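Scroll down for the structure; my scribbles are underneath it.
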Amino acid sequence: MGFRLTPQETSFYDLFAQQASHIVDGAKELTALLGVAPTEREAVAQRMRDLEHAADEATHEIMRKVNSSFITPFDREDIYGLAANLDDCMDLMEAAVDLIVLYRIGELPSGIAAQVEVLARMSELTAEAMPRLRSMSDLQEYWIEINRLENQADQVYRRLLAELFNNGADAITVLKLKEVIDELEAAADAFEKVAHAVESIAVKES
Amino acid sequence: MGFRLTPQETSFYDLFAQQASHIVDGAKELTALLGVAPTEREAVAQRMRDLEHAADEATHEIMRKVNSSFITPFDREDIYGLAANLDDCMDLMEAAVDLIVLYRIGELPSGIAAQVEVLARMSELTAEAMPRLRSMSDLQEYWIEINRLENQADQVYRRLLAELFNNGADAITVLKLKEVIDELEAAADAFEKVAHAVESIAVKES
Amino acid sequence: MGFRLTPQETSFYDLFAQQASHIVDGAKELTALLGVAPTEREAVAQRMRDLEHAADEATHEIMRKVNSSFITPFDREDIYGLAANLDDCMDLMEAAVDLIVLYRIGELPSGIAAQVEVLARMSELTAEAMPRLRSMSDLQEYWIEINRLENQADQVYRRLLAELFNNGADAITVLKLKEVIDELEAAADAFEKVAHAVESIAVKES
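These protein sequences, in sequence, are chains A, B and C. Counting from 1, one number per residue, gives the positions in the first sequence under the numbering used here. Counting from 207, one number per residue, gives the positions in the second sequence under the numbering used here. Counting from 413, one number per residue, gives the positions in the third sequence under the numbering used here.
See the structure below:
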């Protein structure tokens with residue numbers, strides 16, 4: 001009769017995959033928000049909040065599992081850190097959506113679409129990478145591509161701010177938009193932190 | 207004749223408790239600031255600076271102790287991280303007080319009181335939790351409650367900014383107040399980082 | 413016949429020294445920028461970008477080396493963290509230079525020179541400390557001095573913002589300058605994080 005020595009390891013990967021899949025859905029809602037009229041935004045924001053709660057649940061499930069598992073597939077602190085970083089990606093995208101509604105922002109500058117496009121790509125790459133944690137294979141291309149996208153996000157971010165500051169909008173409008181743009185930039189940074197966490201785990205395990 | 211194997215362990219807990227007690231006092235000064243006239247603020251700011259120096263001393267004492275102790279009650283890096291996170295709580299509350307004086311801010315929006323109330327509660331919970339590090343018991347309720355308060359702080363923060371942006375104040379006044387509000391929000395985040403540090407220590411030790 | 417057990421250790425120190433020397437050069441370009449006419453700034457920004465790329469290369473070289481080395485002079489994660497923190501110092505100084513050009517900022521407030529002076533000093537101290545990682549000697553004075561300089565940078569930063577907010581400039585100009593000043597302040601924080609990383613390595617190794 002066979003038995004599995006570490007049956008509980010399996011679902012850490014599943015939980016990370018689940019967290020990442022909520023993030024992909026969140027990036028889709030964020031993309032959707034850019035295409036709807038301001039009056040339709042609250043409905044998107046509500047779906048975004050629901051996704052954020054679901055992601056929160058997945059995060060807490062991982063935390064509980066770390067606390068109660070005797071054996072974990074990699075260091076407890078690293079599981080912790082990775083889950084927390086993934087959670088940040090979701091929180092920051094949700095914050096951007098919430099602020100757009102809360103600040104009653106009218107038209108969004110077109111440059112925001114470029115930011116969101118990078119985030120959508122980052123979320124897909126992240127979701128594709130999570131199952132590969134199991135074998136620790138083909139992860140390098142993932143983190144290299146995330147780093148590249150994060151550099152691109154930085155470029156987009158700076159150009160967007162330069163445009164915003166120089167286009168003659170009133171200062172309060174500029175301040176509101178800057179808050180939103182900053183949250184999106186922070187989300188790109190958070191995806192890079194996820195990639196760093198994965199890289200650091202892979203380095204340790206190799 | 208009995209002897210204690212690790213006599214030096216005692217005072218790490220004492221030092222953390224001391225750091226946290228300065229933070230409780232700091233939160234009290236911050237609360238006091240909201241109730242005094244602008245001309246009385248400098249006196250509060252001076253007391254706040256004194257508390258910040260005292261907390262700094264406690265932090266450095268912990269750092270020195272880590273460097274010179276042969277045995278520590280938990281990982282050196284974790285002691286380090288916890289002390290640094292506690293120090294941040296104090297620094298950020300002190301920064302908020304300093305900026306209010308430095309920017310010669312007049313009336314403070316009432317929403318700031320809600321932010322400060324959450325910080326005062328967080329500081330008390332943190333101070334109550336520090337002695338429990340010794341037995342690593344009853345800590346979970348502490349970090350769960352801190353997480354809840356941090357979510358509440360986030361809500362207060364966003365509503366406060368939305369109000370600030372939409373109330374017709376001039377942009378420079380908005381910018382000044384935003385700096386103060388941001389420091390207070392960062393202080394709430396710092397308390398959450400303390401709770402995460404405690405959680406991570408508890409996970410390792412369990 | 414003799415042999416070296418860990419020949420690869422040597423060049424981690426060399427690579428850190430190389431990273432730090434790019435940062436010293438970066439701080440020099442940043443200083444130079446303050447002395448040239450706005451029309452000459454783009455040339456400085458180009459040199460800064462080149463330095464940033466060179467520093468990036470050194471960072472990636474360290475990362476690759478960590479991944480491929482069997483033995484490392486200290487913990488892999490710590491090498492990682494130190495390299496990443498050094499990279500941040502450069503990135504943030506480069507960002508400040510880029511924003512000055514991108515936002516088409518006219519005259520720079522004189523207080524910025526005080527910020528840059530502190531950064532130049534921090535970069536020199538950091539470059540001087542890197543070779544001492546090999547023997548782990550005389551590092552304490554380095555991190556104490558960096559902490560002192562970071563406190564000084566904080567003071568300069570707050571006074572500079574207070575001045576900026578109260579000098580009657582229009583809000584958009586204030587916003588642009590604040591972005592630059594914030595990047596420089598973040599660079600000072602990044603130098604402190606480098607010092608913390610060194611301190612934490614020294615504590616572990618001692």
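All C-beta atoms, glycine included, are put in the ideal place defined by N, C-alpha and C. Please read all numbers here as calculations on a predicted model, not as lab measurements.
Spatial distance of residue i from residue j (CA atoms)
i	j	result
E267/B	F222/B	10 Å
L370/B	A583/C	15 Å
K204/A	G106/A	48 Å
A202/A	L125/A	17 Å
D294/B	A302/B	12 Å
D426/C	W555/C	20 Å
S522/C	L511/C	17 Å
R459/C	A37/A	45 Å
L184/A	Q152/A	13 Å
Q430/C	A470/C	7 Å
E398/B	E351/B	10 Å
E506/C	S481/C	31 Å
L108/A	K271/B	53 Å
K176/A	G168/A	14 Å
V194/A	N67/A	21 Å
E452/C	T443/C	13 Å
D75/A	D284/B	15 Å
R544/C	L551/C	7 Å
E334/B	A396/B	17 Å
R121/A	G35/A	18 Å
E179/A	V380/B	13 Å
L445/C	L33/A	41 Å
N372/B	A45/A	20 Å
S123/A	D154/A	17 Å
N147/A	N353/B	30 Å
M130/A	V436/C	39 Å
Run of the alpha helix (DSSP H) containing residue i, from where it starts to where it stops
i	result
N479/C	453–480
M336/B	Counting along the chain, M336/B falls outside any alpha helix (DSSP H), and DSSP gives it neither H nor E.
Y569/C	552–578
G35/A	9–35
A173/A	The amino acid occupying residue 173/A in the given sequence is Thr; Ala does not appear at that position. Its alpha helix (DSSP H) spans residues 171–205.
Y80/A	76–102
Exposed unless 16 or more other CB atoms sit within 10 angstroms - verdict on residue i
i	result
H196/A	buried
G493/C	buried
R159/A	exposed
H228/B	buried
N291/B	buried
P485/C	buried
E347/B	exposed
S343/B	exposed
I71/A	exposed
E258/B	buried
R310/B	exposed
A113/A	exposed
E454/C	exposed
Nearest to residue i (by Cα), restricted to the options the options
i	options	result
D262/B	S406/B, G232/B, D281/B	G232/B
L367/B	R159/A, H22/A, L102/A	L102/A
R546/C	E562/C, I512/C, V610/C	V610/C
K234/B	T265/B, V324/B, A264/B, A335/B	V324/B
L355/B	V230/B, A251/B, K271/B, V322/B	V322/B
R49/A	L92/A, F12/A, D182/A	L92/A
S260/B	I285/B, M336/B, A226/B	Going by the sequence as given, residue 260/B is Ala instead of Ser. For A260/B, the nearest C-alpha among the options comes from A226/B.
A393/B	M296/B, N372/B, V380/B	M296/B
A495/C	V568/C, V592/C, F424/C	F424/C
V496/B	R327/B, V230/B, I387/B, S329/B	In this structure chain B extends from 207 to 412, so residue 496/B is not present and cannot be described.
S200/A	M475/C, M542/C, L445/C, V436/C	M475/C
Contact test: residue i Cβ vs the ligand FMN heavy atom, cutoff 6 Å
i	result
I285/B	In terms of ligand content, the structure shown is empty, and the ligand FMN therefore cannot be addressed.
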